Each structure stands twice: as structure tokens, then as C-alpha cells.
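Residue numbers (UniProt numbering): 1 to 384. Every residue, glycine too, gets a C-beta built ideally from N, C-alpha and C. Keep in mind the model is a prediction, meaning the values are calculated, not measured.
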């Protein structure tokens with residue numbers, strides 16, 4: 001395996017314990033959760049519930065039943081956005097959103113006549129929470145924000161935004177795709193009503209896992225997006241109203257959720273503060289080393305304290321896709337290139353047409369990985 005620097009897309013490698021736990025489930029248990037009264041089904045249910053408890057532990061949730069599992073964060077965000085917003089509602093969002101937020105909002109703008117306001121920010125992605133309050137209207141029902149940009153890594157003032165949302169009784173939904181597992185999140189202290197998360201990025205779990213944590217009483221206003229079997233109340237013709245069954249129709253990804261539970265155990269044992277500290281050290285080092293390259297343009301804040309492990313850049317007069325191709329072909333270094341499913345963010349930094357090269361630094365990366373990346377980029381810059 002070469003040097004993997006695409007952790008903003010999905011993390012690699014996974015902790016060995018995650019793989020072993022999933023294999024143990026598939027070899028020794030096999031049953032689905034909530035679908036039987038025999039021993040292995042009960043054990044599967046216990047392991048899934050344990051993952052709910054671990055999600056609460058990491059994010060300071062107060063009720064495991066308010067942890068709703070989905071197959072990814074895109075599904076989680078869609079469920080909340082589509083299930084909550086009604087005809088003519090007003091939504092406030094950032095200028096940095098991933099398409100998992102932007103596309104559902106634009107679809108509802110077309111289909112339900114909702115109104116969208118984007119909060120202005122600097123080219124470095126810096127948002128002032130006070131600017132949000134200026135956009136609030138009588139029909140503002142939702143504020144949805146990414147915790148950190150998946151393009152330039154900028155961390156948003158989530159706690160301050162949450163205070164404003166609470167003051168005006170507006171639901172606050174946060175996309176934690178780039179922060180969950182690598183940055184401390186406390187839904188109570190951060191004033192987050194609903195935290196959407198993905199399991200396969202910095203949470204170090206498998207693909208096919210994600211969900212949302214409810215930290216408010218507004219779930220009654222979120223209509224479920226699907227109906228079906230829940231393992232109980234089968235004679236009742238409608239989807240149950242109680243959590244988590246209200247939003248979890250159909251068989252869960254039990255193996256994935258159990259693997260996610262083991263990944264969460266790894267994170268909690270390692271310590272989120274320790275993980276963040278290591279990320280900061282690597283990001284600081286990467287910014288310093290990348291700045292040595294002639295003709296490089298790094299987007300976003302240059303202060304490593306203001307970003308997560310996501311750095312986007314271009315080299316002068318060299319197409320971004322050529323850089324990524326050369327890194328992969330000649331140096332076995334894996335990065336992401338393009339507009340990263342975030343056109344509004346690229347529009348902000350002026351790269352919507354050109355795109356950019358993005359490195360995603362993960363917990364298992366090292367300074368040696370950064371050194372090899374910089375050496376390769378210097379060679380590419382000199383030869384192309």
C-alpha cells in the first residue's frame with residue numbers, strides 16, 4: 001500500500017479491532033438485531049445498542065434511543081431536511097456545504113417553494129455567527145451548517161450559531177462529516193439540536209454506517225422518510241412513533257454498526273483530545289512543508305488551529321487532475337481532485353471551473369507521508 005491521503009473521503013486504514021469485531025459477528029453471531037428472541041439475535045441487538053451508547057458517550061448525548069442509524073451521512077441529512085421542512089419554510093445555511101445538504105435544499109426550493117439564505121463568509125471560509133441573526137425571518141425553520149468544510153477544512157463557529165438558533169427557537173442541524181472522530185463535539189455545550197455523522201471517515205468505522213443524534217424534542221416534527229418492518233408492533237399499520245424505530249425501517253447494517261462501535265471504542269480509548277492534537281501537529285507541518293513549493297496556492301486558513309485535516313491546493317499552470325494522476329502513477333500517493341461534491345465552496349475560493357487537489361490527513365498518517373508528498377510535488381512542479 002502506498003501513501004493514503006484521502007481520509008476526507010474515507011479513512012484508511014481501519015483499526016484492526018474494527019475488522020476483527022466485524023469478522024467475529026459474521027462468523028459467530030450472524031443474526032440480525034431486533035428480529036428474534038433467540039440468543040444470537042439478542043446478542044446482535046445488545047451490540048447494536050452498545051454502539052448507540054458509544055455514540056452518546058462521544059458526543060454527550062443523553063439517550064441511546066435518540067441515536068438513529070442510517071447507511072451514510074447523506075441519508076441522515078436527507079431524512080432530517082426532507083422530513084422537517086414544509087412548504088414555504090426559510091432555511092439558513094453556509095457557503096461551504098457539501099451536496100448532501102445543498103442538493104436536498106435546492107430540490108425543496110423547487111418542489112416545496114422553500115427559501116434558502118446563504119451566510120456570507122470570507123474566501124478562507126470564516127463565518128461570523130452574528131451575520132446569521134441578520135438573515136432570520138418569521139418563517140425561518142432550520143439552520144443547517146457543516147462543522148468544517150470538506151474542501152478547505154475551515155471550522156465553523158457552531159457553538160455561537162447554536163446559541164442564536166436556540167434564542168429564536170430554530171432547529172439547528174449540523175453536518176459533522178469532517179469533524180466527528182477528530183475534533184471534540186459536545187451536542188449540549190455546542191447547542192446542537194441534531195448532529196448528523198458518518199461512520200467511515202474520522203470515526204474510523206466501515207462504510208455503510210452513519211446516522212444522526214437527536215438532542216431536542218423536535219423529532220415529532222420530522223416525518224420518517226420510509227416505512228416498513230421494525231421487528232415489533234407488526235400488526236400496527238403505520239410506522240411507530242417511538243425512537244429509534246420511527247426512522248429505522250428495514251434491516252440495519254448490523255455488521256457495520258458493530259464495527260462502528262468498536263471504532264468508537266478505539267477513539268474514546270485514545271482520547272479525542274489526543275487525536276485532535278496529533279491532527280493539528282500534522283496539519284501544521286503540512287502547511288509549512290507545502291509552502292516550500294514554488295507556484296503553489298493553498299486555499300483556506302493558514303492557521304492550523306482553524307482547520308481540520310483537510311488542505312486544498314493548486315500548482316501554477318498545472319491542471320489539478322494531472323497532479324493527482326502523477327502522484328498516483330509515479331509515487332503511489334493517493335489524493336482527491338475535482339470539486340469534491342461541494343460546488344458552492346469551490347465557487348467561494350474561485351476554483352469551480354478548475355477544481356483543486358485535496359489532501360485529507362488522518363490519524364494514521366505521519367510526517368514522513370507529508371515529506372514524501374512534498375518531495376513528489378516538487379518533482380512534478382519542476383518536470384511538467
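Measure the alpha-carbon distance for residue 154 versus residue 232 and round it to whole angstroms.
44 Å
Quick one: is residue 168 buried, meaning 16 or more other Cβ sit within 10 Å of its Cβ, or exposed?
exposed
I need the straight-line Cα distance from residue 13 to residue 165, nearest angstrom please.
38 Å
Span of the beta strand (DSSP E) around residue 162
From DSSP, residue 162 is part of no beta strand (DSSP E) but of the alpha helix (DSSP H) over 158-167.
Same chain only: Cβ atoms within 7 Å of residue 102, ignoring 5 sequence neighbours per side:
344
Just reading off the alpha helix (DSSP H) that residue 256 is part of, what are its end residues?
254-270
Would residue 113 be called buried (16 or more neighbouring beta carbons within 10 Å of its own) or exposed?
exposed
Looking at the structure shown, is residue 51 part of a helix, part of a strand, or coil, going by DSSP?
helix
Using a Cβ distance threshold of 8 Å, determine whether the stretch 247-260 contacts the stretch 26-46, with at least three qualifying pairs required.
yes
With three or more beta-carbon pairs closer than 8 Å as the criterion, would you say the stretch 91-102 touches the stretch 137-147?
yes
Counting C-beta neighbours from all protein chains within 10 Å, is the total for residue 75 16 or more, i.e. buried, or is it exposed?
buried
I need the straight-line Cα distance from residue 157 to residue 253, nearest angstrom please.
33 Å
Distance, residue 176 Cα to residue 313 Cα:
23 Å
Note down the Cα distance separating residue 359 from residue 43, rounded to an integer number of angstroms.
40 Å
Whole-angstrom C-beta distance between residue 105 and residue 126, which should lie under 8 Å
Rounded, the Cβ-Cβ distance is 22 Å, inconsistent with contact.
From 16, 116, 159, 151, residue whose alpha carbon lies closest to that of residue 129
159
What whole-angstrom Cβ distance do residue 362 and residue 300 have, given they're in contact under 8 Å?
Actually they do not touch by this definition, with Cβ atoms about 18 Å apart.
Can you tell which of 283, 294, 352 has its C-alpha closest to the C-alpha of residue 337?
352
Taking residue 241 as the reference, which of 48, 66, 25 has the closest Cα?
66
Opposite residue 337 in the DSSP bridges: which residues?
357
Have a look at residue 379 and residue 330 and give me their C-alpha separation to the nearest angstrom.
10 Å
CA-CA distance, residue 20 and residue 26?
10 Å
Where does the unbroken alpha helix (DSSP H) through residue 243 begin, and where does it stop?
Here residue 243 belongs to no alpha helix (DSSP H), and DSSP marks it neither H nor E.
Along the alpha helix (DSSP H) that carries residue 332, what are the first and last residues, could you check?
It is not in any alpha helix (DSSP H) - residue 332 carries neither H nor E in the DSSP assignment.
Starting from the Cα of residue 107, find the closest Cα among 132, 320, 123, 78 and give me that residue.
78
Distance, residue 70 Cα to residue 323 Cα
35 Å
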